[in-house]
Amino acid sequence: MEFIVKSFDELNTSELYAVLQLRSEVFVIEQDCVYQDIDGKDKKAFHVLGFKNNRLIAYTRLFKPADYYEYASIGRVLVKQEERKYGYGHDLIRFSIDTIHNKFSTKTIKIGAQTYLRKFYESHGFHKVGEDYIEDGIPHIYMIIE
19 MEFIVKSFDE LNTSELYAVL QLRSEVFVIE QDCVYQDIDG KDKKAFHVLG
69 FKNNRLIAYT RLFKPADYYE YASIGRVLVK QEERKYGYGH DLIRFSIDTI
119 HNKFSTKTIK IGAQTYLRKF YESHGFHKVG EDYIEDGIPH IYMIIE
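Sequential numbering from 19 applies to the sequence shown in the working numbering.
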């Protein structure tokens, strides 16, 4: 898989369309969750696009400290359903963490993770902080890596 990182203004229309289509496929259709994906935060984010054979199959958006949380953050983490068996989620998170370290010169990252992915994020050094919460009808936890 090949990763690229772009600011919102650097995304071309085809890339933006692919991102929004994949986010809708995973978060709205697959997870059966009706929510406002286009939330006004994409313009502040850096976008990690993961391509396999020139097709977008993985994505995250990254925020510098204070743009979303007090700390840097990774959000909208996804891998196309039929590609998950190859471990690309681990590659995506490692790349996203490294990008935050290099681009924002910080080690501390806070995420709001779906609860069922706790062990996945713990395998990358995150630990749970605070209370569980419900977002868009799905159980979540806050996690931090320092």
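Ideal Cβ placement from N, Cα and C applies to all residues, glycine included. All values reported here derive from a predicted model rather than from experimental measurement.
Option nearest residue i by Cα separation, candidates the options
i   : options               : result
Q39 : K146, D27, R73        : R73
F69 : K128, L110, E140, E48 : L110
E20 : D116, N71, L135, D85  : N71
Cβ separation of residue i and residue j, assumed to be a contact under 8 Å, to the nearest whole Å
i    : j    : result
S114 : I92  : 5 Å
E164 : T126 : 5 Å
E153 : G130 : 7 Å
R45  : K121 : According to the sequence displayed, residue 45 carries Phe and not Arg. That pair is no contact at about 25 Å.
Within 7 Å, strictly: CB atoms of residue i and residue j
i    : j    : result
V66  : V23  : yes
R94  : R41  : yes
K62  : Y87  : no
A90  : I118 : yes
D60  : F81  : no
K146 : M161 : yes
D150 : I159 : yes
Y35  : A76  : no
Those residues which DSSP pairs with residue i across a bridge
i    : result
F21  : G68
A131 : I159
L78  : Note that residue 78 is Thr in the sequence shown, not Leu. T78 is bridged to V66.
Backbone CA spacing between residue i and residue j [nearest angstrom]
i    : j    : result
H142 : R112 : 7 Å
Y53  : I47  : 11 Å
K103 : Y139 : 17 Å
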